[in-house]
Every structure is written in C-alpha cells, then in structure tokens.
Amino acid sequence: MAKAKGKKGLSRGAHSHIRARLDYLHNASAYLQSVATTSKQPSSQLVSENVASQDGQSKSASKHIVAHLLSHVTTSEKKPTSADARANLDHLPHLSRVFVSQMRGVSLKTQLRLSAETKRSFCKRCDTILSPGVSCVQEIRNESRDRKKPWADVQIIRCTTCGTEKRFPQTERRSKKLSERRKEIKQGKEQAPAA
Numbered sequence: 000m001a002k003a004k005g006k007k008g009l010s011r012g013a014h015s016h017i018r019a020r021l022d023y024l025h026n027a028s029a030y031l032q033s034v035a036t037t038s039k040q041p042s043s044q045l046v047s048e049n050v051a052s053q054d055g056q057s058k059s060a061s062k063h064i065v066a067h068l069l070s071h072v073t074t075s076e077k078k079p080t081s082a083d084a085r086a087n088l089d090h091l092p093h094l095s096r097v098f099v100s101q102m103r104g105v106s107l108k109t110q111l112r113l114s115a116e117t118k119r120s121f122c123k124r125c126d127t128i129l130s131p132g133v134s135c136v137q138e139i140r141n142e143s144r145d146r147k148k149p150w151a152d153v154q155i156i157r158c159t160t161c162g163t164e165k166r167f168p169q170t171e172r173r174s175k176k177l178s179e180r181r182k183e184i185k186q187g188k189e190q191a192p193a194a
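In case it helps, numbering that gives the first Met the number 0 puts the sequence shown at residues 0 to 194.
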C-alpha cells in the first residue's frame, strides 16, 4: 500500500501528528541538554527551588517538567540531598540523547524527512544536541594554498562528546537556473536603455 501524500505547505497534512511528535522530541531533547549545561548553580539549590515551586503552585511548564524529571523523591517525606540532585542532573544529557534517538527512529519508521536544520542540530554518531561552545566546536577551514580560493571555505562542526566532524561548504552549491539567468539578462537590458 502506498504512503498517503499530504499537500506541501499545509500544516494539516496526512502526517501532522507525527510531525508534532518529532517536533516535541527535538524540543524536549534541546531543553534537557540546555538545562544540564546551564545549571551553573549548585544542584541542591535547583532541586530545592523546584520542590518549593510545587508547593506554591506558581510555576511554568518548563519548571514543571524539570521538577518531574529531577525530583522523584518529592513524594516521600525525606529531603533531597545534593548527591541525589547531582545524580538526577547527570541523567539529563543521557535522556536528551534518548529523545534524539527516538526522533530519528520515528522519522525512519514513518519515512518522513527531517528538515536540514533539524538534522544539523544533532550528532549522528552519539545523538548529542550540538550547541556551539557547549557540546561542539565550530570552525571554518580553507585547505587551498594560502587560502586563495574563497569558494573552498568549509564549516566544520566537531562534536566534543564523540569527536565526529560534520563538514558544510560555505558557498552556493548550485548555479542559478537558466530561466533565472535569462530574467536577469532581460532586466539588465531593460534598465540600461531607461537609464
């Protein structure tokens, strides 16, 4: 049986629920990665703030997610220790990688392509979300002699977790289509006599 084709450009297609799932998994993994890396304050303070916010009932959705993931001890009567909080924070990057792996699996199973920016946002080897300066290093290389060829610039993104490198050329890949070149020539001729 053939795959049902949805119309391009419409948000409501045949696979809109799957697209929503893919977007959720990507956003959740990016959020968990950012929480794990930006928690510069001691983890015991982070958990105690989340426990206090559960009692006050004035919290945002993101704090609710983090509180749920971080403190499984809030239901019991004991107070979370700093060792428990550190262990919970250490699981967040792993959970982020699991979400990226699930996102890739869902897209392969349903035969839906991920967008180019989504594919470039994670490492294909270890499923880590690539954040510049945090989990990856970006640089532009030009391997031509004395860097004389500007069209040979290549952006290299290296994952700091596994060391895998992605390479992206920095020039336009394709020349313009013949019809576009003819339009430009016509516009150039029309503007020349008018001037």
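In this text, a Cβ means the ideal position worked out from N, Cα and C, and glycines have one as well.
- Non-local C-beta neighbours of Gln169 in its own chain, meaning closer than 6 Å and more than five positions away in sequence, comprise Asp152 and Gln154, ordered along the chain.
- Ser134 and Thr160 do touch by the CB rule: their CB atoms are close to 6 Å apart, below 8 Å.
- The stretch 92–106 makes contact with the stretch 23–42: 3 or more CB pairs, one atom from each, lie closer than 8 Å.
- Remark: C-beta atoms of Val136 and Leu91 do not approach each other more closely than 7 Å.
- With respect to Val105, Asp126 sits apart: the two C-beta atoms are not nearer than 7 Å.
- Selection Asn141, Pro149, Arg140 and Ile156 evaluated against Lys118 yields Ile156 as nearest (Cα-Cα).
- If the five residues before and after Ser130 are omitted, its C-beta is found closer than 6 Å to no C-beta atom of its own chain.
- Take Phe121, set aside five residues on each side of it, and the residues of its chain with a beta-carbon closer than 7 Å to its own are Val99, Thr127, Ile128 and Leu129, in chain order.
- Ser15 and Lys188 have their C-alpha atoms roughly 47 Å apart.
- Annotation for Trp150: Thr170 place their beta carbon closer than 8 Å to its own, counting only its chain and skipping 5 residues before and after.
- Among the bridge pairs identified by DSSP, Asp145 is matched with none.
- Contact annotation: Thr109 and Ile184 have beta-carbon atoms that are not nearer than 7 Å.
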